[in-house]
Each structure stands twice: as C-alpha cells, then as structure tokens.
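Report on the following structure.
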Amino acid sequence: MNHDDGPAPGTLDGMTDTDAVTTQRSTVEEWTRALAESKGSPGGGAGTGVMLAIAASLASMVAGYTEPQEDQGAELASLHARARALREAALRLADDDAAASEAFGAAFRLEKGPERDQAIHRASVDAAKASAVLGERAVAAIDDLGWLAGNGNPALIADVVVGFGALRAAVAGARTNVSFDLATLRSAGVTLEQIREQHPGLWSAVEQLTAALERIDHLTAAVDDRAAPTDLD
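Take the sequence shown: its position 216, counting from 1, is numbered 216 in the working numbering, and each next residue is one higher.
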C-alpha cells in the first residue's frame, strides 16, 4: 500500500468521488492516469493487485492454449479455473487497497495526540492485513505458474516467464507494504520488538513473502534458456 499523508485525494477531469476510477469500471488508460497523479489512491498497493491480476490472466491464457496429457485434464481444468478466479479477486483487492489508502492518509492528517496515535495504529494494521492477504493469494499462484512452465504449451513459455515477472512484482509489493505498514506503527510510539510480539502473523508474512521471491527466481531461472534462447550470458 502506498500511502499519502498530504491533502485528501482529488479527482480526475471533474470526476466526483462516486465516479472515482476503479479496476472494475475504468479503462487501463484512466486507471494508470489516476495512478500517475500525486494523490496516493490508487497507489503502490493497488498496483500490486493489478500486477497479480496480470499474472493470473497470463496463467489463464496459457492454460487455455495447453492440450493436457491423458492424465492431466482435471488438473489443468482446476488450474484454469483458479487463474480466472484469481484475476477477478486481485482486481477487487486492488480497489480495496486504494480505498484503505485514503483511511491511512486521513489518520496522519489528524491533530497530534492519543486519537491520532490510535487512528494510525488501526490504519497501519488494517493496511498490513490487506497487503498480507494479497501476498497470500500471490504465493498460492506460484505452483500453478510452475506447473505451466513444465507442462504448458511450450510455444508460450515466454508468456509464462512474463507471468512470473508480474507475480514477482506482486509478491515484492505485498512484502514491502506489509513491512512498511508494520514499521509505521512506530509513529504511534511502538517499537519494532513490540510490533513483532503483538502481530506475529503479519511479521512472519514478511518472511514467507521473502522466501516466495527466492522461489519465483529459481523457477524463472530454470526456464530462462527456453524463454530467452538468444541470451548470451
């Protein structure tokens, strides 16, 4: 989640708050134009969700082009269904993050005092939880892309690797956002040691997402000679 502690987010081209851009209703041009604005919503967390949706979409496409072996039909069908569902879920998570970013910014705009500290604490924990959910969904997709790397249509191995790149961006974004949001609790007078004790699940999520990045890198490297055969390195 990429947060803004400045003025409340504005709108584009005279749009009202009820017409604000979302991944569900806006074109790619409209959504990325909103992302380019210095207003914090949508921000990096929402972008993380979109990257996950791209990874899921590529997995779905490759699955659709893959002819299963005799004993792989059910497995491929389940993979294809998961990819389609993940695309939709990731876009919803992106929009949820954009909305949560506004609450986070609002907490920092409060007058300094106990009320502000409590608001920052709530917003930070909620933001970290949202990013952890997105990260969990991204990690769950690693196996499916790995399966497609080994069993998918070989003519689309480059698309699988692009999918891995998008998935890596989603995992890296989720990891960074969970970590950043937890660390923000220090603004409310909490130490890192206290944060780890109070939120062990979120703390361990950062470690799990770090391990997931290494796993994606390993899987990508294993098929690089097929995806980029002209690479001289």
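Positions of the beta carbon are idealized from the N, C-alpha and C atoms, including for glycine.
Treat the numbers as computed from the prediction; the structure is a model and nothing was measured.
- Task: Pull up the distance between the alpha-carbon of Ser60 and that of Ala106, whole angstroms please.
- Result: As a first step, residue 60 is located in the sequence shown; it is residue number 60 there, counting from the start. As a first step, residue 106 is located in the sequence shown; it is residue number 106 there, counting from the start. Cα to Cα, Ser60 sits roughly 38 Å from Ala106.
- In chain order, what residues of the same chain lie with their CB nearer than 7 Å to the CB of Tyr65, ignoring the 5 residues before and after it? For the purposes of this step, residue 65 is identified with residue 65 of the sequence shown, where counting begins at 1. So the list reads Asn153, Leu156, once near-sequence residues are dropped.
- To the nearest whole angstrom, what separates the beta carbons of Gly45 and Asp97, a pair I think is in contact under 8 Å? Looking up residue 45 in the sequence shown gives position 45. Looking up residue 97 in the sequence shown gives position 97. Correct: roughly 4 Å between the Cβ atoms.
- Query: Which of helix, strand or coil does DSSP assign to Gly45?
  - Reply: Residue numbering aside, residue 45 sits at position 45 when the sequence shown is read from its first letter. DSSP places Gly45 within a helical segment (H, G or I) once states are collapsed to three.
- Ile216 by DSSP, collapsed to three states: which one? What you label residue 216 is simply residue 216 of the sequence shown in a count that begins at 1. If DSSP states are grouped into helix, strand and coil, Ile216 belongs with the helices.
- For Asn177 and Ser131, believed in contact at Cβ under 8 Å, the rounded distance: Reading the sequence shown from its first residue, position 131 is the one you call residue 131. Reading the sequence shown from its first residue, position 177 is the one you call residue 177. With a Cβ gap of about 4 Å, Ser131 and Asn177 count as contacting.
- Query: Apart from the five residues just before and just after Leu213, which ones in its own chain have a Cβ nearer than 8 Å to its Cβ?
  - Reply: To locate residue 213, count along the sequence shown from 1; it is residue 213. Within the same chain, Leu213 has close Cβ partners Arg168, Val171, Ala172, Arg175.
- Message: In whole angstroms, give me the CA-to-CA distance for Val28 and Ala53.
- Response: What you label residue 28 is simply residue 28 of the sequence shown in a count that begins at 1. What you label residue 53 is simply residue 53 of the sequence shown in a count that begins at 1. Approximately 13 Å, taken between the alpha carbons.
- Query: Helix, strand or coil for Thr119 per DSSP?
  - Reply: On the sequence shown, residue 119 is found 119 positions in, with the first residue counted as 1. A small fix is needed here, since residue 119 is Ala in this sequence, not Thr. Here Ala119 sits in helix by DSSP.
- Neighbourhood of Gly135 by C-beta, 7 Å cutoff - its chain only, sequence neighbours within 5 removed: One-based indexing of the sequence shown puts residue 135 at position 135. Cβ neighbours of Gly135 beyond the five flanking positions: Val171, Ala174, Arg175, Val178, Ala205, Leu209.
- Query: Thinking C-beta only, is Asp126 closer than 9 Å to Ala89?
  - Reply: Here residue 89 refers to the residue found at position 89 of the sequence shown. Here residue 126 refers to the residue found at position 126 of the sequence shown. For Ala89 and Asp126, no; Cβs fall outside 9 Å.
- Task: Specify whether the stretch 218-227 and the stretch 160-167 touch according to this definition: at least 3 beta carbon pairs, one from each stretch, less than 8 Å apart.
- Result: Put simply, the stretch 218-227 touches the stretch 160-167. At least three CB pairs are less than 8 Å apart.
- Looking at the unbroken alpha helix (DSSP H) that takes in Leu167, where does it start and where does it end? Indexing the sequence shown from 1 puts residue 167 at position 167. Residues 157-184.
- Under the criterion of a Cβ to heavy atom distance below 8 Å, does Gly152 qualify as lining the ligand HEM? Among the components modelled here there is no ligand, and therefore nothing to report on the ligand HEM.
- Task: Would you decide whether Leu192 is buried or exposed? Buried here means 16 or more other CB atoms lie within 10 Å of its CB.
- Result: The residue labelled residue 192 in the question sits at position 192 within the sequence shown. When all chains shown are included, Leu192 counts as exposed.
- Task: With DSSP as the reference, label His235 as helix, strand or coil.
- Result: This structure leaves residue 235 out entirely; the chain is present only between 1 and 233.
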